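Under my numbering, the first residue of the sequence shown is numbered 61, with each subsequent residue one higher.
Cβ atoms here follow ideal geometry from the backbone N, Cα and C, with glycine treated the same way.
Nothing here was measured: the structure is a model prediction, and the numbers come from that model.
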Amino acid sequence: MRAVDNVNLSEVRSQPSLLRGLRLPGIDPRISRKRTALVTAAILVVAGLSFTAGSGRLTAAELEAGPLVHEFPLTFEAGQRAEAVGPMFYYESSKAFEQWAFTPFLTYRRDRFIDGEEVDIVYPFVTYDRFGEEYKWRFFLMTSFSGGRKQDDQSRRFTLFPIVFSQWTRGESMDYFAIFPLGGTIRERLNRDEIRFLLFPLYSRTRKGDMVTDNYLFPIFHRREGQGLRGWQFWPLAGHETKVPGVATNGWGDVELVPGHRKTFVLWPLHFRHDLELGTTNEVRFRVWLPIHVRQRSPARDSTSWLWPFFTYTEDRAGQYREWDMPWPLVVFARGEGKQVDRVWPFYSRARNRTMQSDFYLWPIYKYNRSHSAVHDRERMRLLFFLYSRTSLCYLETGEKDLRWDLWPLFSRWRDADGRERLQVLSLLEPLLPRNEAIERNYSTVWSLWRSERDAARGRASQSLFWNMYRRDVMPGARNWSALFGLVRYEAGPAGRKLRIFHVPVVNRKPGGGQAAD
61 MRAVDNVNLS EVRSQPSLLR GLRLPGIDPR ISRKRTALVT AAILVVAGLS FTAGSGRLTA
121 AELEAGPLVH EFPLTFEAGQ RAEAVGPMFY YESSKAFEQW AFTPFLTYRR DRFIDGEEVD
181 IVYPFVTYDR FGEEYKWRFF LMTSFSGGRK QDDQSRRFTL FPIVFSQWTR GESMDYFAIF
241 PLGGTIRERL NRDEIRFLLF PLYSRTRKGD MVTDNYLFPI FHRREGQGLR GWQFWPLAGH
301 ETKVPGVATN GWGDVELVPG HRKTFVLWPL HFRHDLELGT TNEVRFRVWL PIHVRQRSPA
361 RDSTSWLWPF FTYTEDRAGQ YREWDMPWPL VVFARGEGKQ VDRVWPFYSR ARNRTMQSDF
421 YLWPIYKYNR SHSAVHDRER MRLLFFLYSR TSLCYLETGE KDLRWDLWPL FSRWRDADGR
481 ERLQVLSLLE PLLPRNEAIE RNYSTVWSLW RSERDAARGR ASQSLFWNMY RRDVMPGARN
541 WSALFGLVRY EAGPAGRKLR IFHVPVVNRK PGGGQAAD
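Right, here's the structure in full:
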């Protein structure tokens with residue numbers, strides 16, 4: 061929430077009205093100039109009101125036409141915002157961004173500094189994001205297609221999860237197409253370098269690095285091979301895998317050790333026998349006979365469980381603590397320099413290590429978390445999940461803080477390290493998804509009955525009640541307020557004081573012309 065550099069307001073308002081600067085997202089600018097019928101209708105309404113006002117160049121104070129349209133300056137940076145038909149339509153423009161919306165159905169944002177665009181259609185069901193030449197569409201959280209240019213290679217990708225996966229590039233080596241479960245190839249997706257399948261689960265082959273796994277009737281039988289690696293499984297009856305320790309060159313060009321392992325299971329998950337990190341100074345022996353006994357032994361850590369998970373004792377020499385679980389994670393006690401825990405869920409818990417702290421009392425009535433680093437210190441306290449929340453982020457170098465308070469569904473309030481403050485009443489989704497810009501962009505305008513903003517550094521403040529039925533703006537040396545959607549309007553500044561009721565001038569005093577009631 062850092063402040064954006066101030067700009068000359070005349071640069072932002074160089075057009076007769078902000079509303080005439082609307083544009084739609086698209087790769088071809090010629091297409092974006094062709095307005096959709098919905099956008100055109102809104103512009104015609106506002107344009108008609110503008111011509112009725114009889115001004116070729118509208119200012120924030122001049123454009124107030126009842127509940128239909130209201131234009132005013134931004135509080136946190138130099139720029140303008142227009143709102144029309146209550147909460148249904150708004151448009152913002154500044155040096156940093158351009159944004160407009162028909163809430164809650166359609167929003168568009170363009171960032172001028174990073175050459176990026178975002179479109180939300182009934183968020184989160186349809187979204188579009190572009191950064192430079194890379195773009196991506198998402199539909200109903202399952203379908204997506206994307207494209208762009210990376211390293212002089214044009215690519216396009218389409219996904220209808222989990223049915224269709226495809227990609228087309230100029231380099232055919234990275235092209236793929238798959239229809240699940242019939243067959244096809246997928247590359248660099250789902251945490252694998254390559255996936256091939258035919259009539260899944262009858263047959264599939266996956267590759268990750270040099271490890272290749274052939275699956276038959278997944279997950280019942282597989283055969284695995286790689287550099288120094290051999291393995292098989294007939295799940296859940298038995299399986300075995302071995303990897304010989306070796307060396308490899310990392311991304312920095314340095315040669316490093318690749319640990320080996322031996323893994324065996326019988327009647328999964330009842331019995332495991334794993335030897336891990338072979339060839340290193342911390343070889344791990346892991347033995348499991350569920351639910352009777354679980355044992356882990358290594359130079360860094362020993363752990364033993366009886367009647368797992370009810371009784372477990374752990375001595376972590378690397379982490380410098382000892383822990384008793386009865387059972388984990390409900391009843392936990394730990395002691396040592398690296399970890400301190402006292403937990404009896406859901407009644408009480410206090411847990412901390414060198415960088416983090418987590419406490420609760422009568423969970424979820426009270427919950428507290430804290431994290432500490434060399435750069436900042438973050439604290440968050442919650443009551444009844446998200447009913448009430450207070451978050452503090454302290455920048456240790458300067459001592460400044462970002463603060464946020466949420467009381468669902470009544471209000472959200474924040475104050476950042478630059479002294480900017482904002483209060484919103486009501487707040488239906490913001491406490492559940494804090495700092496989610498898409499929620500604020502698409503929905504906050506609809507249900508925020510009261511909005512208050514203040515920028516102490518710039519000497520600006522604003523308040524709005526019931527979608528500008530009452531509005532107040534304070535600027536250095538000037539202040540304006542309006543009621544009944546602008547039917548009653550008062551202005552005070554270097555040019556004097558004006559009061560209009562139903563657009564009829566009642567008071568019009570210039571500087572030096574006498575005192576007027578404030």
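Under DSSP, Phe132 shares a beta bridge with Arg141. Counting C-beta atoms within 10 angstroms of its own C-beta, Ser409 has 16 or more neighbours from the protein chains shown and is therefore classed as buried. Restricted to the stretch 347–385, the beta strand (DSSP E) segments that are unbroken, complete and at least 3 residues in length are 353–357, 361–366, 371–376 and 381–385, listed in chain order. Relative to Phe332, the option among Thr324, Gln227 and Ile174 whose CA is nearest is Thr324. Taking C-beta separations shorter than 6 Å and ignoring five residues to either side along the sequence, the partners of Ser365 in its chain run Val354 and Thr372, following chain order. Straight-line spacing of the CA atoms in Gln484 and Arg475 works out to 12 Å.
In the three-state reduction of the DSSP assignment, Ala308 falls in the strand class. Using a Cβ-Cβ distance cut-off of 8 Å, the stretch 428–442 and the stretch 450–457 are in contact, since at least three pairs of beta carbons, one from each stretch, lie closer than that value. Ranked by how close their Cα comes to the Cα of Val326, the residues Arg473, Thr187 and Trp349 have Trp349 in first place.
In the three-state reduction of the DSSP assignment, Ser153 falls in the strand class, which pools E and B. Around the beta carbon of Trp160, 16 or more other beta carbons lie within 10 angstroms, which makes this residue buried.
In the DSSP assignment, Lys303 falls within the beta strand (DSSP E) that extends over Ala298 to Lys303.
Residue state for Thr203 is assigned as strand, using DSSP reduced to three classes.
The continuous beta strand (DSSP E) containing Leu289 extends over residues Leu289 to Phe294.
Proximity to Glu254 across Glu158, Phe260 and Thr245 peaks at Thr245, based on C-alpha coordinates. When Cβ pairs closer than 8 Å are counted between the two stretches, the stretch 519–538 is seen not to touch the stretch 167–182, the count staying below three.
Nearest to Ile280 by alpha-carbon distance, out of Trp292, Val272, Gln400 and Met234, is Trp292. Inclusion of Thr135 and Asp515 in the CB contact set at 8 Å is warranted, their separation being smaller than that value. Fully contained in the stretch 476–532 are the following beta strand (DSSP E) runs of length 3 or more, in chain order: 480–485, 510–515 and 520–525.
Looking at the DSSP output, Glu248 shares a beta bridge with no other residue. With a threshold of 16 other beta carbon atoms within 10 Å, Val315 falls short and is exposed.
Residue pairing from DSSP places Leu258 in a beta bridge opposite Gly243 and Tyr263. Going by DSSP, Met416 is part of the beta strand (DSSP E) stretching over Met416 to Tyr421. Here the alpha carbons of Phe260 and Leu277 stand approximately 8 Å from one another. Here Ser433 carries a coil assignment [DSSP, helix/strand/coil]. Taking Asn528 as reference, the option from Phe545, Phe370 and Arg198 with the minimal CA-CA separation is Phe545. The three-state reading of DSSP puts Met535 in strand, counting E and B together. By the CB criterion at 8 Å, Gly286 and Asp274 fall outside the cutoff. With a beta-carbon spacing of about 5 Å, Lys303 and Leu289 fall inside the 8 Å limit used to define contacts. Gly479 is classed as exposed because its beta carbon has fewer than 16 other beta carbons within 10 Å across all chains shown. Per the DSSP secondary-structure output, Met148 pairs with nothing in a beta bridge. In its chain, beyond the 5 residues on either side, Phe420 and Arg442 have a beta carbon closer than 6 Å to the beta carbon of Lys427.
At a Cβ-Cβ threshold of 8 Å, Leu486 and Ser508 count as neighbours. Within the same chain, and ignoring the five residues on either side of Val186 in sequence, the residues whose Cβ sits closer than 6 Å to its Cβ are Phe199. Inter-residue distance for His300 and Arg347 is about 14 Å (C-alpha atoms, whole angstroms).
The residue among Glu460, Thr219 and Ser472 with its C-alpha nearest the C-alpha of Phe446 is Ser472.
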